[in-house]
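Asks:
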Amino acid sequence: MHSIVCVKPVPDPSRFDKLRLDPETMLLRRDEAPAVINPLDRGAIEAAVGLKRSLGGTVSALTMAAPNAEEQLREALALGCDRAYLLTDKAFAGADTLATARTLHAAVRKIGRFDLLFCGGYSADGSTGQVGPQLAELLGIPDLDFVAKLEVKRGRLRATCRLDSGEAACEADLPALVTIAPQTGAPRLTPMRGIQGALSRKITKWSAADLRLAPKTVGLAGSPTRMLNIFTPPSNRKGEILQGSADEAAEQLIEKLSLKAVRGGAR
Ligand SMILES: Cc1cc2nc3c(=O)[nH]c(=O)nc-3n(C[C@H](O)[C@H](O)[C@H](O)COP(=O)(O)OP(=O)(O)OC[C@H]3O[C@@H](n4cnc5c(N)ncnc54)[C@H](O)[C@@H]3O)c2cc1C
Numbered sequence: 118m119h120s121i122v123c124v125k126p127v128p129d130p131s132r133f134d135k136l137r138l139d140p141e142t143m144l145l146r147r148d149e150a151p152a153v154i155n156p157l158d159r160g161a162i163e164a165a166v167g168l169k170r171s172l173g174g175t176v177s178a179l180t181m182a183a184p185n186a187e188e189q190l191r192e193a194l195a196l197g198c199d200r201a202y203l204l205t206d207k208a209f210a211g212a213d214t215l216a217t218a219r220t221l222h223a224a225v226r227k228i229g230r231f232d233l234l235f236c237g238g239y240s241a242d243g244s245t246g247q248v249g250p251q252l253a254e255l256l257g258i259p260d261l262d263f264v265a266k267l268e269v270k271r272g273r274l275r276a277t278c279r280l281d282s283g284e285a286a287c288e289a290d291l292p293a294l295v296t297i298a299p300q301t302g303a304p305r306l307t308p309m310r311g312i313q314g315a316l317s318r319k320i321t322k323w324s325a326a327d328l329r330l331a332p333k334t335v336g337l338a339g340s341p342t343r344m345l346n347i348f349t350p351p352s353n354r355k356g357e358i359l360q361g362s363a364d365e366a367a368e369q370l371i372e373k374l375s376l377k378a379v380r381g382g383a384r
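Residues 118 to 384, numbered by the numbering used here, are exactly what the sequence shown covers, in order.
1. Find the nearest neighbour of Leu233 within the set Ile358, Asp213, Asn353, Glu288, judged by alpha-carbon distance.
2. Using DSSP's beta-bridge definition, name the partner residues of Phe231.
3. What does DSSP give as the partner residue(s) for Cys236 in the beta ladder?
4. Taking C-alpha atoms, which residue in Thr349, Leu274, Val264 lies nearest to Asp392?
5. Based on Cα-Cα distance, which residue from Ala212, Glu372, Gln247, Ala253 lies nearest to Arg226?
6. Starting from Gly160, trace the beta strand (DSSP E) in both directions and tell me its first and last residue.
7. Does DSSP put Ile121 in a helix, a strand or coil?
8. Just tell me which of Leu255, Gly229, Ala183 has its CA closest to the CA of Val176.
9. From Arg384 to Asp364, what distance separates their C-alpha atoms?
10. Would you kindly work out how many angstroms separate the C-alpha atoms of Lys322 and Gln300, rounded to a whole number?
11. Leaving out five residues on either side along the sequence, give the residues of the same chain with a beta carbon under 6 Å from the beta carbon of His102.
12. I need the straight-line Cα distance from Lys377 to Ser362, nearest angstrom please.
13. Taking contact to mean 3 or more Cβ pairs, one atom from each stretch, closer than 8 Å, check whether the stretch 264-273 and the stretch 319-337 are in contact.
Here's what the structure looks like:
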């Protein structure tokens, strides 16, 4: 069983208040915020390593990011991945989801045969949830999203997918792609022994040329999405805390709402 896990380094969500945008490029200043493994990708690593334990085989971690993402890939190795691939090139900067999926697709093709491809359901920063399904489309393989539970038997994937309205039991032939739902699998603390072992492990690095990708198909140049503006909307609404018991507060609220309706000419 050969699994590949797409691991995105994201700014540490606990430090989002420190994040700044580059006023010219409208892109996040990623070099200013400490990065961590995208939380849902930790769940994906756990699921892939769990399958390896029960079925044997290998797990590869795959990242498109700046060179300093080696740190997150070493953590993925410490968590039980066997190989790590870093797609890094100035040409990849500013990629939207399609350009990201295209770059990951070229790398998966170069890695070769695989049975299961894992992505997180969404990233903690862009949070579009688009890369997994786009990658499956480019690879021409089935895609099961927001997977909470999975098993592989006789080359067939069975999974429980989380939906807004409940859960669905889904099946697919391998190779396939799954995106991992929140709260799936309890991510472990990175084992010390794993960290020590990972420090000396080789990380394979590929550029756009190694992937035979023309610069105009990747990064900002290869992205149909244009970030025209991004801003924090001014909040001019003021809050009011209603005093008294719940009943008294409810009374006050009804009065305020009906007053508002009358003033608004709704009646
Ligand atoms: C605030 C913000 C808003 C954005 N809005 C948009 C937008 O509307 N449209 C758009 O096209 N782009 C947008 N982007 C850019 C987008 O973040 C990047 O394209 C990014 O590389 C992939 O999109 P995502 O973060 O939404 O990933 P998602 O699709 O949410 O990620 C899902 C999974 O895909 C895998 N994955 C994603 N990126 C990588 C990677 N670099 N390396 C390895 N695996 C990866 C991971 O497994 C991840 O869990 C936005 C970025 C930011 C910071």
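Note that CB positions come from ideal geometry on N, CA and C, so glycine has one too.
Replies: Once the coordinates are examined:
1. Glu288
2. Answer by DSSP bridge pairing: none, since Phe231 is not bridged.
3. Thr296
4. A question about residue 392 goes unanswered here, because the residues of the chain that appear run from 118 up to 384.
5. Ala253
6. No beta strand (DSSP E) contains Gly160, which is instead part of the alpha helix (DSSP H) from 156-172.
7. strand
8. Gly229
9. Because Arg384 sits at a pLDDT of 48, beneath the cut-off of 50, its placement in the model cannot be relied upon, and the following sentence gives the value as read from the coordinates. Between Arg384 and Asp364, the C-alpha separation is close to 25 Å.
10. 31 Å
11. Coverage of the chain is limited to positions 118 through 384, which leaves residue 102 absent and any answer about it impossible.
12. 22 Å
13. no
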